[in-house]
Amino acid sequence: MNVLVITAHPDDMEIACAGTLLKCKERGDKVVVCHLSSGNQGHEVIMPDELSVMRENECQKSAAIAGFDIIWGGFDDLEIYDGNRESRDKVVDIIKKVDPDFIITHDPNDYMPDHTAVSRLVFDACFTATLPHYKTNVEGKARLVPIYYMDSLAGVNFNPTEYVDVTDYIDTKLKMLNCHESQVVWMRDHDGIDFPDMVKTCSRYRGFQCGAQYAEGFRQCDVYLKLTTKRLLP
Ligand SMILES: [Zn+2]
1 MNVLVITAHP DDMEIACAGT LLKCKERGDK VVVCHLSSGN QGHEVIMPDE LSVMRENECQ
61 KSAAIAGFDI IWGGFDDLEI YDGNRESRDK VVDIIKKVDP DFIITHDPND YMPDHTAVSR
121 LVFDACFTAT LPHYKTNVEG KARLVPIYYM DSLAGVNFNP TEYVDVTDYI DTKLKMLNCH
181 ESQVVWMRDH DGIDFPDMVK TCSRYRGFQC GAQYAEGFRQ CDVYLKLTTK RLLP
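Number 209 in our numbering belongs to position 209 of the sequence shown; there are no gaps in the numbering.
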């Protein structure tokens, strides 16, 4: 299967769904991760231009561990807005290029504007990408496929409807997360937390809910034509 993950920032995938994607990879799926934003505002000291280069390197280091393909969306932090055609069509083209079997993205009620904007853009673009006569830069069309919303930060206001046991992948997930060295510092300075500890604890918490040691939770986007009888998550 083709799995497409569309997130805001370069470390969002590791936080919420790296274990699931590693499991996808192991069953033979192709995993493509798109970070729409450069992550250039995520530091108290390092300036945006320098930080975006650092974050690209951190992201590639993490992706190399997992064998995921990375696409950069070309936005900067806090410059992603939904509700405009230009942004939506950028996401349409990414979806057309990958033509995924399912898409994972942020929950529409997550905690910060880049995350919520990406979620809504993906919802809008996912349908638009299936229209054969809607012209964008990329030719052709994608299939209309399910969207899975990944966990919110620290699981706030998020009730999973599907769980993935990631016990065998938790060490690799944390190794990938730790590639984002600048963000371990940022999360300490800005949020006052130990980042790897938070991610591990949240995976353990989801594990308690489904009888696994560690798990990741998802909620399917339940609208017309996006539901399925199949279990697509691993
Ligand atoms: Zn983020």
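Every residue gets a Cβ at the ideal spot worked out from N, C-alpha and C, and that includes glycine. Everything numeric in this text was worked out from a predicted model, so none of it was measured.
The alpha carbon of Leu177 has as its nearest neighbour, out of Ser203, Leu4, Asp189 and Ile103, the alpha carbon of Ser203. Residue range Asp69 to Phe75 is occupied by the beta strand (DSSP E) that includes Gly74. Straight through space, the alpha carbons of Glu139 and Leu4 are spaced by roughly 18 Å. According to the DSSP secondary-structure assignment, Ala215 is paired through a beta bridge with Asp165. Chain-ordered, the residues whose CB falls short of 5 Å from any heavy atom of ligand 1 come out as Ala8, His9 and Asp12. DSSP links Ile147 through a beta bridge to Ile103. Under DSSP, His35 forms a beta bridge with Thr7 and Trp72. Taking a cut-off of 8 Å for Cβ pairs, the region 36-46 and the region 7-20 touch, as three or more such pairs fall below it.
When beta bridges are read from the DSSP output, Lys30 appears opposite Asn2. Looking at the backbone, the Cα of Val32 and that of Pro234 are separated by about 16 Å. Contact annotation: the region 212-219 does not touch the region 114-133, with fewer than three C-beta pairs closer than 8 Å. Closest by C-alpha distance to Asp77, out of Glu86, Ile15, Gly67 and Met112, is Met112. Per DSSP, the unbroken alpha helix (DSSP H) holding Ala64 starts and ends at Pro48 to Ala66. Residue pairing by DSSP places Gln220 opposite Tyr148 in a beta bridge. Within the same chain, Cβ atoms closer than 6 Å to the Cβ of Leu153 are found at Tyr111, the five residues on either side in sequence being excluded. Three or more pairs of CB atoms, one per stretch, sit closer than 8 Å, so the region 77-93 contacts the region 107-127. Straight across, the Cα-Cα distance linking Ala63 with Tyr224 is about 34 Å. For Met187, the enclosing alpha helix (DSSP H) starts and ends at Glu181 to Asp191. Straight across, the Cα-Cα distance linking Lys226 with Ile65 is about 32 Å.
The straight-line gap separating the alpha-carbon atoms of Ser119 and Ile95 is approximately 14 Å.
Pro108 places its beta carbon 8 Å or farther from that of Gln220. Listed in chain order, the non-local C-beta contacts of Asn2 below 8 Å within the same chain comprise Asp29, Lys30, Val32, Val98, Asp99, Pro100 and Asp101, local neighbours out to five positions each way being set aside.
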